[in-house]
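Asker:
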Amino acid sequence: MPQPSQADTAHDPAPGDDASATPAAPLRVEQLSFGYRPNQPVLEALDAELRTGRLTALIGPNATGKTTLLRLMLGQLAPDRGRVLLDGREAQAWPHDQRARRIGYVAQRPSVAFGFTVRQVVAMGRHAQRVNGPQEEVVERALTACDLHDAAAQPFNELSGGQQQRVAVARALAQSEIGRPGRDRVLLLDEPCASADPRHAHQLLSLLRDAARDGRAVLVVLHDLNLAARWADDVWLLDRGRLAAVGAWGDVLQSARLDPVYGMRFTALHAAGDERPVFHAALAPDDSMR
638 MPQPSQADTA HDPAPGDDAS ATPAAPLRVE QLSFGYRPNQ PVLEALDAEL
688 RTGRLTALIG PNATGKTTLL RLMLGQLAPD RGRVLLDGRE AQAWPHDQRA
738 RRIGYVAQRP SVAFGFTVRQ VVAMGRHAQR VNGPQEEVVE RALTACDLHD
788 AAAQPFNELS GGQQQRVAVA RALAQSEIGR PGRDRVLLLD EPCASADPRH
838 AHQLLSLLRD AARDGRAVLV VLHDLNLAAR WADDVWLLDR GRLAAVGAWG
888 DVLQSARLDP VYGMRFTALH AAGDERPVFH AALAPDDSMR
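No gaps in the numbering here: position 189 of the sequence shown is 826 in our numbering, and each next residue is one more.
1) Opposite V857 in the DSSP bridges: which residues?
2) Is it buried or exposed for Q802, if we count other Cβ within 10 angstroms and need 16 for buried?
3) Compute the distance between the beta-carbons of V743 and F793, then report whether it is under 9 Å.
4) Could you tell me the boundaries of the alpha helix (DSSP H) in which D847 lies?
5) My guess is that G702 and G878 are in contact by the Cβ rule of under 8 Å, so how many angstroms apart are they, rounded?
6) Along the beta strand (DSSP E) that carries Y742, what are the first and last residues, could you check?
7) Using a Cβ-Cβ cut-off of 8 Å (strictly less than) and excluding sequence neighbours within five positions of L874, which residues of its own chain qualify?
8) Looking only at its chain, what residues have a beta carbon closer than 6 Å to the beta carbon of A918, apart from the 5 residues adjacent to it on each side?
9) Tell me where the beta strand (DSSP E) around L669 begins and ends.
10) For L785, collect the residues of the same chain with a Cβ closer than 7 Å to its Cβ; drop the 5 residues on either side in sequence, then sort them by chain order.
11) Hey, out of G712, G719, T689, L680, whose CA is closest to A700's CA?
12) Taking DSSP as the reference, what is the three-state secondary structure of P792?
13) Under 6 Å Cβ to Cβ from T781, same chain only, skipping five residues before and after it: list those, please.
14) Using a 10 Å radius around the Cβ and a threshold of 16 neighbouring Cβ atoms, would you call P660 buried or exposed?
15) Scan the region 854-918 and note each continuous beta strand (DSSP E) run of 3 residues or more that stays entirely inside, going in chain order.
16) Which of the three DSSP states, helix, strand or coil, is assigned to T754?
17) Is it right to say F751 is buried, meaning 16 or more other beta carbons lie within 10 angstroms of its own, or is it exposed?
18) Between S670 and R736, how many whole angstroms is the CB-CB distance? I'm expecting something under 8 Å.
19) So V855 and L845 are supposed to be a Cβ contact under 8 Å. How far apart are they, rounded?
20) For the putative contact between L711 and E667, defined by C-beta atoms under 8 Å, what is the C-beta separation to the nearest angstrom?
21) Could you compute how far the alpha carbon of G762 sits from the alpha carbon of A811?
22) In or out: R674 buried (at least 16 other Cβ within 10 Å) or exposed?
23) Looking only at its chain, what residues have a beta carbon closer than 6 Å to the beta carbon of L826, apart from the 5 residues adjacent to it on each side?
24) When the Cα of G690 is compared with those of N863, R850, D870, L796, which residue comes out closest?
25) Return yes when the Cβ of R665 is within less than 9 Å of the Cβ of G741, no when it is not.
26) Kindly give me the distance between the Cβ atoms of V872 and T693, rounded to whole angstroms, as I take these residues to be in contact under 8 Å.
27) So is L796 in contact with chain B if we call contact Cβ pairs under 9 Å?
28) What's the gap between the Cα of D724 and the Cα of L920?
29) Just to check my reading of the structure: T705 and Q745 have Cβ atoms closer than 8 Å, yes? What is that Cβ distance to the nearest angstrom?
30) How many angstroms separate the CA atom of A869 from the CA atom of A730?
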């Protein structure tokens with residue numbers, strides 16, 4: 638499938654520009670390549686754009702570079718070749734505080750110093766915005782949205798892994814001002830559903846899709862293809878450091894694309910009247926699919 642076209646990146650908005658001047662794809666990667674060691678690439682020649690108003694799922698087998706890609710998008714790593722553009726400007730060129738006001742991030746394993754309560758951790762998401770005035774309303778919305786209101790006074794480090802992940806998501810949503818227009822802010826989430834039970838996983842992705850509809854560009858790393866099929870607008874399929882497919886969910890989530898990447902056989906099943914599939918997976922009889 639052809640890669641999505643790259644929009645003109647000549648516009649270089651200065652920090653603080655009005656959102657109307659922000660590109661429709663606030664985050665782009667162009668010919669992006671990176672390796673932790675010389676001549677051992679982890680990612681090679683990636684081209685894709687994260688679009689405002691869309692929930693994008695980043696999928697692929699383990700150890701294909703998904704977390705590394707997010708770290709490059711965050712400006713934590715420098716590309717070997719190519720570039721990451723945030724609002725038309727290279728991600729690493731943004732001062733850290735200004736970049737933090739544009740990108741909310743949830744790591745695979747959130748870590749917080751001992752002693753903070755859930756409410757305090759979520760409120761930390763507001764610090765990057767440097768907004769004067771009361772912030773309780775934004776924090777309360779984030780707590781409620783992530784089903785954490787009853788746990789707000791509990792110490793973060795006494796929570797289960799799934800609850801801690803929800804707190805990290807709530808903090809990112811507070812940073813992105815949930816319930817208000819997103820002004821082309823970006824949300825990057827690395828396996829936020831990994832420790833979630835089914836109800837909270839679907840609740841979270843529904844919430845993230847709503848956040849996208851409010852004007853954000855949202856990228857979420859998922860291993861559950863059925864969650865991707867249910868909630869994603871777009872899908873990036875990463876295979877051994879390369880993008881095997883990029884596009885709308887219906888174009889990417891097909892057995893012809895998934896089978897060779899995962900080395901399994903996928904069958905799409907449809908409930909009556911539901912265009913979104915559920916995938917049945919079976920092990921391939923041999924390694925011929927890889």
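We put the beta carbon where it would ideally sit given N, CA and C, even for glycine.
Answerer: Short version:
1) Reading the sequence shown from its first residue, position 220 is the one you call residue 857. Note: V857 sits in a beta bridge opposite A694, L826.
2) Numbered from 1 along the sequence shown, position 165 holds the residue referred to as residue 802. Label assigned to Q802: buried.
3) The residue given as residue 743 occupies position 106 in the sequence shown. The residue given as residue 793 occupies position 156 in the sequence shown. Contact flag unset, no.
4) Indexing the sequence shown from 1 puts residue 847 at position 210. 835-850 is the span of the alpha helix (DSSP H), which, as asked, contains D847.
5) Counting from one through the sequence shown, the residue named residue 702 turns up at place 65. Counting from one through the sequence shown, the residue named residue 878 turns up at place 241. Contact holds; Cβ gap of about 5 Å.
6) Position 105 of the sequence shown, counted from the start, is the residue given in the question as residue 742. 740-743 is the extent of the beta strand (DSSP E) around Y742.
7) Against the sequence shown, residue 874 aligns to sequence position 237. Closer than 8 Å at Cβ, skipping near neighbours: I696, G697, L880, A881, A882, V883, V889, R894, L895, V898.
8) Walking along the sequence shown from the start, residue 918 turns up at place 281. Closer than 6 Å at Cβ, skipping near neighbours: M901, F903.
9) The residue labelled residue 669 in the question sits at position 32 within the sequence shown. First-last of the beta strand (DSSP E) with L669: 664-671.
10) Walking along the sequence shown from the start, residue 785 turns up at place 148. Excluding residues within five positions, the ones whose Cβ falls inside 7 Å are V755, R803, V804, A807.
11) Mapped onto the sequence shown, residue 700 falls at position 63. Nearest of G712, G719, T689, L680 to A700, Cα basis: L680.
12) Residue 792 sits at position 155 when you count from the first residue of the sequence shown. DSSP places P792 in strand when its eight states are reduced to three.
13) Looking up residue 781 in the sequence shown gives position 144. Nothing meets the Cβ criterion.
14) To locate residue 660, count along the sequence shown from 1; it is residue 23. Because the pLDDT of P660 is 41, which lies under 50, any placement of that residue in the model is unreliable, and the question is left without a value.
15) 854-858, 871-876, 879-885, 901-906
16) Sequence index remark: in the sequence shown, residue 754 carries index 117 (1-based). Here T754 sits in strand by DSSP.
17) In the sequence shown, the residue the question calls residue 751 occupies position 114. Exposed: under 16 other Cβ atoms inside 10 Å.
18) Along the sequence shown, one-based indexing puts residue 670 at 33. Along the sequence shown, one-based indexing puts residue 736 at 99. About 21 Å; that fails the 8 Å criterion.
19) Taking the first residue of the sequence shown as 1, we reach residue 855 at position 218. Taking the first residue of the sequence shown as 1, we reach residue 845 at position 208. Rounded, the Cβ-Cβ distance is 5 Å, consistent with contact.
20) The residue you call residue 711 lines up with position 74 of the sequence shown. The residue you call residue 667 lines up with position 30 of the sequence shown. Going by Cβ atoms, the distance from L711 to E667 rounds to 16 Å, so no, they are not a contact pair.
21) To locate residue 762, count along the sequence shown from 1; it is residue 125. To locate residue 811, count along the sequence shown from 1; it is residue 174. Roughly 5 Å separates the two Cα atoms.
22) Numbered from its first residue, the sequence shown carries residue 674 at position 37. Result: exposed.
23) On the sequence shown, position 189 is the one that residue 826 refers to. Correct list, in chain order: V743, V857.
24) For the purposes of this step, residue 690 is taken as residue 53 along the sequence shown, with counting starting at 1. The shortest C-alpha separation from G690 is found at R850.
25) Here residue 741 corresponds to residue number 104 of the sequence shown, with the count starting at 1. Here residue 665 corresponds to residue number 28 of the sequence shown, with the count starting at 1. It is not a contact, given that the beta carbons lie outside the stated cut-off.
26) Counting from one through the sequence shown, the residue named residue 872 turns up at place 235. Counting from one through the sequence shown, the residue named residue 693 turns up at place 56. With a Cβ gap of about 7 Å, V872 and T693 count as contacting.
27) Reference to chain B is not applicable here, since this structure consists of a single protein chain.
28) One-based indexing of the sequence shown puts residue 724 at position 87. One-based indexing of the sequence shown puts residue 920 at position 283. Roughly 42 Å between the two C-alpha positions.
29) Reading the sequence shown from its first residue, position 68 is the one you call residue 705. Reading the sequence shown from its first residue, position 108 is the one you call residue 745. Wrong, their Cβ atoms sit about 12 Å apart, outside the cutoff.
30) Here residue 869 corresponds to residue number 232 of the sequence shown, with the count starting at 1. Here residue 730 corresponds to residue number 93 of the sequence shown, with the count starting at 1. Cα to Cα, A869 sits roughly 30 Å from A730.
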